[in-house]
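*Asks:* Add 1026 to the 1-based position in the sequence shown for my numbering, that's all there is to it.
Idealized CB from N, CA, C, for every residue including glycine.
Computed from a predicted structure; not experimentally measured.
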Amino acid sequence: QTAELVFDECKVPAENLVGVENMGVKVVMSGLDLERAMISPICLGIAERALQLSIDYAKQRKQFGQPIANFQMVRSMIANMYTLVESMRLYTYQVLRAADTCDENAGGRGEIHKLTAAGVLYVAETMNKVLNDAVQVHGGSGYIWESEINRLYAPSSCWKSAPVPAKCAGSSSLTNC
């Protein structure tokens, strides 16, 4: 949960200041980009698991005497999920490479800021697409709360405007502006 915290008439001794006086936003922004960079691998991991669960399920679930993996529509959905996961992986690596070589004073501006903001937007929304398709592959069992795919999917339905870890980094609607 978030809340507003107001310090009215609060005096802070100089030795207790973090950074330079009246430059608190710079301190916060210096960590924001690294926080955003960590969202991409989380979303990638969730999407990878959803893809693997879908592949496994499609191989073992039978309809009309054959695994549903034999049906063109299911194959197409899984191929699309694979493509999305791989594009997420490439973007995640790009963001993490930039974060790894980032100057400690670059937070909140420049290339790293663009990459991490775009990463929150792209990777989180792409994860939701993969999860939606994964639930479709699983059919009715994808909606049963005991199923692993549902445990991945159900929280994501709250993430449509922003994934849970991304809420601190700004909603995807605002990131897109």
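1) The alpha helix (DSSP H) spanning A1084 covers which residue range?
2) Are the beta-carbon atoms of F1097 and Q1086 separated by less than 9 Å?
3) Between the alpha carbons of V1149 and A1160, how many angstroms are there, rounded?
4) Go ahead and label A1105 buried or exposed: buried means 16 or more other beta carbons lie within 10 angstroms of its beta carbon, across all protein chains shown.
5) Pick out whichever of R1101, T1109, L1147 and M1107 has its Cα sitting closest to the Cα of V985.
6) Run the CB neighbour count on T1118, radius 10 Å, all protein chains shown included, and call it buried at 16 or more, exposed below.
7) Which of helix, strand or coil does DSSP assign to A1029?
8) Quick check on the DSSP output: the alpha helix (DSSP H) that includes D1034 runs from which residue to which?
9) Specify, as a first and last residue, the run of the alpha helix (DSSP H) that L1157 falls within.
*Replies:* On the basis of the coordinates in this document:
1) As a first step, residue 1084 must be located in the sequence shown, where it is residue number 58. Taken as a continuous stretch (DSSP letters only), the alpha helix (DSSP H) holding A1084 covers G1050 to Q1086.
2) By 1-based counting over the sequence shown, the position of residue 1097 is 71. By 1-based counting over the sequence shown, the position of residue 1086 is 60. Contact: no.
3) The residue given as residue 1149 occupies position 123 in the sequence shown. The residue given as residue 1160 occupies position 134 in the sequence shown. So the alpha carbons of these two residues sit roughly 16 Å apart.
4) Numbered from its first residue, the sequence shown carries residue 1105 at position 79. Burial check for A1105: the Cβ neighbour count within 10 Å stays below 16, so the residue is exposed.
5) Absent from the structure is residue 985, since the part of the chain shown begins at 1027 and ends at 1203.
6) Here the question's residue 1118 lines up with position 92 in the sequence shown. Buried.
7) To locate residue 1029, count along the sequence shown from 1; it is residue 3. Coil at A1029, not helix or strand.
8) By one-based count along the sequence shown, residue 1034 stands at place 8. No alpha helix (DSSP H) holds D1034; DSSP gives it neither H nor E.
9) Within the sequence shown, the letter at position 131 stands for residue 1157. Run containing L1157: G1136 to H1164, per the alpha helix (DSSP H) assignment.
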